[in-house]
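Note that the protein sequences, when read in sequence, are chains A and B. Numbering-wise, the first sequence is residues 305 to 514 according to the numbering used here. Numbering-wise, the second sequence is residues 632 to 827 according to the numbering used here. Here is the structure we will look at, set down as structure tokens.
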Amino acid sequence: MTNPDSPTPGVPPHPADQVHAQPASLRDLFWSFTWLALQGFGGVLAVVQRELVEKKRWLTPAEFVEDWAVAQILPGPNVVNLSLMIGDRYFGLRGALVALAGMLAFPMLIVLVLAAVFAGISDSPGIQGALRGMGAVAAGLIAATGFKLIASLKINIMGAAVCWSLAAITFIAIALLRVPLAWVLLSVGGLACAWAYRQLGQVHVLGTKK
Amino acid sequence: MSLTTADWLALFTHFMSLSLLAIGGAITTAPDMHRYLVDERHWLSDGQFTSSIALAQAAPGPNVLFIALLGWNVGMNAGGGMGGGVTAWAFALLGVILAMVGIMLPSTTLTFAAARWGHQNRELRAVRAFKQGMAPIVIALLISTGWILASSHGSQLQHGPLWLLTGVTALLVWRTRLHLLWLLAAGGLLGWMGWV
């Protein structure tokens, strides 16, 4: 995403420090995550990217990708992990718990009410069709989130060619060959991290020579 | 069917044990949950299991809420079904709490500790290498998830309109700032009318 605001003076140009806004209070955090979760039919991630990166700007795109990598590789629901991390960053443990509560409280209430009243009507062709249509849209939302984040790779230390190759291998393995996620993370992910580690070392050496 | 205290404890510990295996989301543990809850313990019917997942995916919020629905149904069955009155509702609520706390507590504790460590040590070369190295993979995983969800409709030839809807959505979200809820509503409407 292009960013018209200039970074705060004196802040080092590390991606993790380019945050332009932050939640005003625990209350703000709770309702922001509640609102995110309630928009997330068929998955919340697309909404998180749209609301927290594009609208609220609590995270830069690059930072979002970094946090998402951590949230994804650790066990547990990814968006829940992500909300926990963001809440912790601004308000510590309290923030983590509040973000978690925001993500889960109202959606849980809704899904339980639906379970209680929905039991009888879920078989009607209209409902089935509507669920199918919304499912197709949800698939498009999540793919688009990926497309948008490609731009954040421009500042990646590994360079465009390596990034594109890694992404292509991952897509083929996961989407087309259906290789289990853990294997891909260990093999392709391990190689990528090792390569990035090496590249970071070279930048460091160049930096000290100057 | 009624559940003893030992059964409730078994449910709780089983969910706890699956929590740390849920890499890539709680949904990845669904096959094992089906084996345990439906095949082994007979606490849930096959239909209840499948509709719990479908409902949680369609409803707003994280998909992990299918776990809450599984707990709800286990408790409801233990209390004698929807006709069981207050007892059934109380058991259902107990089921929700045990299932959700069980699946969330280990993974969120680990995530909290690991993410905090990673953030405090974000200048470490190893931490930076992890984040830089994983970035293209994570992005490809998002696109793959979209592809896999779209593939669950069936092949491109048989279900052309659904694939078209997914493709058009992806393009609109990528290129415009149209509100996501409009797109979901449009998808729901098209499906309701039977056009996709």
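From the three backbone atoms N, C-alpha and C, an ideal C-beta is built for every residue, glycine too.
Taken through DSSP and simplified to helix, strand or coil, P379/A comes out as strand.
In the three-state reduction of the DSSP assignment, I654/B falls in the strand class, which pools E and B. Under the three-state reduction of DSSP, P693/B is assigned to coil, being neither helix nor strand.
Per DSSP, the continuous alpha helix (DSSP H) segment holding V727/B begins and ends at 716-751. Under DSSP, F334/A forms no beta bridge with any residue.
For F761/B, the enclosing alpha helix (DSSP H) begins and ends at 756-782. Straight across, the Cα-Cα distance linking L640/B with G711/B is about 20 Å. Taking a beta-carbon distance threshold of 8 Å, D392/A counts as an interface residue toward chain B. A442/A sits away from G692/B, with the two beta carbons spaced by 8 Å or more. Sequence-distant partners of L686/B (beyond 5 residues in either direction) whose C-beta falls short of 8 Å from its own C-beta, in its chain, are F697, L700. Of the residues assessed, D670/B falls on the exposed side of the cut-off, its CB having fewer than 16 other CB atoms within 10 angstroms. Taking the beta carbon of H750/B as reference, the chain A residues within 7 Å of it are R393, listed in sequence order. Within the segment 428-448 of chain A, those residues whose Cβ lies closer than 9 Å to any Cβ of chain B are, in chain order, P429, G430, I431, Q432, G433, A434, L435, R436, G437, M438, G439, A440, V441, A442, A443, G444, L445, I446, A447, A448.
Residue environment: H673/B is assigned as exposed (fewer than 16 neighbouring CB atoms within 10 Å of its CB, all protein chains considered).
Pairing V384/A with V695/B gives a Cβ-Cβ distance under 8 Å. Among the residues facing chain A, M765/B is included, as its CB has a counterpart in that chain under 8 Å away.
Within chain A, no residue has its CB atom less than 7 Å from the CB of T644/B, the nearest being about 16 Å off. Interface annotation for the segment 326-356 of chain A against chain B: A341, L342, Q343, G344, F345, G346, G347, V348, A350, V351, R354, criterion Cβ-Cβ distance under 7 Å.
Shortest Cα-Cα distance from R354/A to any of W805/B, T660/B, H645/B, F680/B involves W805/B. At the C-beta level, P737/B and L651/B come within 8 Å of one another.
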